[in-house]
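Here is the structure we will look at, set down as structure tokens.
Residue numbers (the working numbering): 3 to 198.
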């Protein structure tokens with residue numbers, strides 16, 4: 003049976019889920035938390051961390067770039083849905099890029115206003131920052147920038163009373179916070195010199 007690994011609310015996952023529904027083929031959805039993509043990382047042999055991902059028997063299918071449509075094309079071929087006719091190839095390519103860049107943005111932003119309805123109560127900070135820190139030591143790159151200090155200040159206010167702690171499950175955020183706490187002028191200068 004085909005498995006769709008997804009965030010239920012992701013526009014890209016909704017596309018593939020609907021194609022699977024239309025195909026009439028039995029499939030199973032596996033909803034993963036935004037803050038734990040270990041299943042995706044494992045299935046793709048550490049080549050991809052996004053969703054959706056399709057597992058069809060021994061085959062694992064995922065996108066290779068933001069314009070690839072690998073999953074939809076594989077499903078189209080498998081179920082003979084004729085979603086990508088040759089005579090419409092160029093026009094569809096232009097339109098899907100427009101839809102995914104220009105239409106998706108406002109849709110996601112308007113829905114993001116209500117993110118608390120989608121994100122579990124224990125995950126708001128990780129939802130916003132954990133993914134940014136998964137592959138870099140600081141929010142934007144290999145050294146701290148203003149936004150790192152800005153976030154450190156906001157979290158410092160949150161943690162100041164001692165009544166709250168950063169969630170232990172969100173290791174990237176915790177490591178970043180410890181890194182920012184230990185940062186001193188000497189290490190900051192050394193970081194700066196290493197990246198000049």
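Just so you know, even glycine gets a beta-carbon here, dropped at the ideal spot from N, CA and C.
Asked                                                                                                                                                                                 : Found
Per DSSP, which one or two residues make a beta bridge with residue 61?                                                                                                               : 58
In the structure shown, what three-state DSSP assignment does residue 6 receive?                                                                                                      : strand
Just checking my contact of residue 73 with residue 64 at CB under 8 Å: how many whole Å lie between their CB atoms?                                                                  : 7 Å
Confirm, please, whether the CB-CB distance from residue 55 to residue 7 is below 8 Å.                                                                                                : yes
Distance check for residue 188 and residue 151, CA to CA, integer angstroms please.                                                                                                   : 16 Å
Nearest to residue 68 by alpha carbon, out of 173, 98, 146?                                                                                                                           : 98
Alpha carbon to alpha carbon, what distance is there between residue 14 and residue 101?                                                                                              : 11 Å
For the region 180-187 against the region 142-160, do three or more pairs of beta-carbon atoms, one drawn from each stretch, fall closer than 8 Å, so that the two count as touching? : yes
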